[in-house]
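What follows is the structure, encoded as structure tokens:
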């Protein structure tokens, strides 16, 4: 730990000054500053990743934070060793949502239906990769689950990003949830 902030404004300022690899931010900062601070940190175009800690399991808030650019979302009652692992995962460039939260979120958005979406242009394997991505699995874990190389997973992710017209995991997950492209 290299810094601490008591509100969103200070969190942004400390991020600029200290340049941390990961910001661990309370999702319930005073005066609802968390989302705004998250957006500002992401707009700085630093390599800083943001992992939110929340006491709430509200799907709406989780969805809003992902759309704002959060790289991870975990509950405050997470075990210390799991929190350390979550920080490592997020620092490694992955998006992390605790499984119990991801399941609820995916169920909610999956029920909205697909309609005519870019999802239909994805191959069956790309759809599988997207589902596993949405469940919070890392590339290595997806590769093991699908019995393919990590390089193959990267290839599928590149195709998914292109077909969904997104630039990364967080954006792909947000778009997939927004459009009801994935199911629990």
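In our numbering, the protein residues as written are 117 to 300. The C-beta atom is built at its ideal place from N, Cα and C for all residues, glycine as well.
* Asked: Span of the alpha helix (DSSP H) holding residue 211?
  -> Within the chain shown, residue 211 is the residue found at index 95, counting from 1. For residue 211, no alpha helix (DSSP H) segment is defined, and its DSSP state is neither H nor E.
* Residue burial classification, residue 215 (beta-carbon count within 10 angstroms, cutoff 16) -> In the chain shown, the residue the question calls residue 215 occupies position 99. Exposed, by the Cβ-count rule.
* Grab me the residues of residue 213's own chain with a C-beta within less than 6 Å of its C-beta, minus the 5 sequence neighbours each way, in chain order. => In the chain shown, the residue the question calls residue 213 occupies position 97. Taken in chain order, the residues that qualify are 189 and 252.
* is_contact[residue 242, chain C] using C-beta, thresh 9 Å -> Here there is only one protein chain, and chain C is not present.
* Out of 240, 152 and 237, which has the shortest C-alpha to C-alpha gap to residue 182? -> As a first step, residue 182 must be located in the chain shown, where it is residue number 66. Selected option, being the one with the closest Cα: 152.
* **residue 255 versus 242, 269, 264 and 207, residue with shortest Cα-Cα distance** => By 1-based counting over the chain shown, the position of residue 255 is 139. Sorting 242, 269, 264 and 207 by C-alpha distance to the C-alpha of residue 255 places 269 at the top.
* DSSP three-state call for residue 150: helix, strand or coil? -> Here residue 150 corresponds to residue number 34 of the chain shown, with the count starting at 1. Here residue 150 sits in helix by DSSP.
* Contacting residues, own chain, Cβ-Cβ under 8 Å from residue 155 (five flanking each side not counted) -> As a working note, residue 155 is residue 39 in the chain shown. Result list for residue 155: 184 and 185, in chain order.
* Taking all protein chains shown into account, decide if residue 202 is buried (16 or more other Cβ within 10 angstroms of its Cβ) or exposed. => Counting from one through the chain shown, the residue named residue 202 turns up at place 86. Buried, because 16 or more other Cβ atoms sit within 10 Å of the Cβ of residue 202.
* Output yes or no for whether 9 Å exceeds the beta carbon distance between residue 136 and residue 124. => Position 20 of the chain shown, counting from 1, holds the residue named residue 136. Position 8 of the chain shown, counting from 1, holds the residue named residue 124. With respect to residue 124, residue 136 sits apart: the two C-beta atoms are not nearer than 9 Å.
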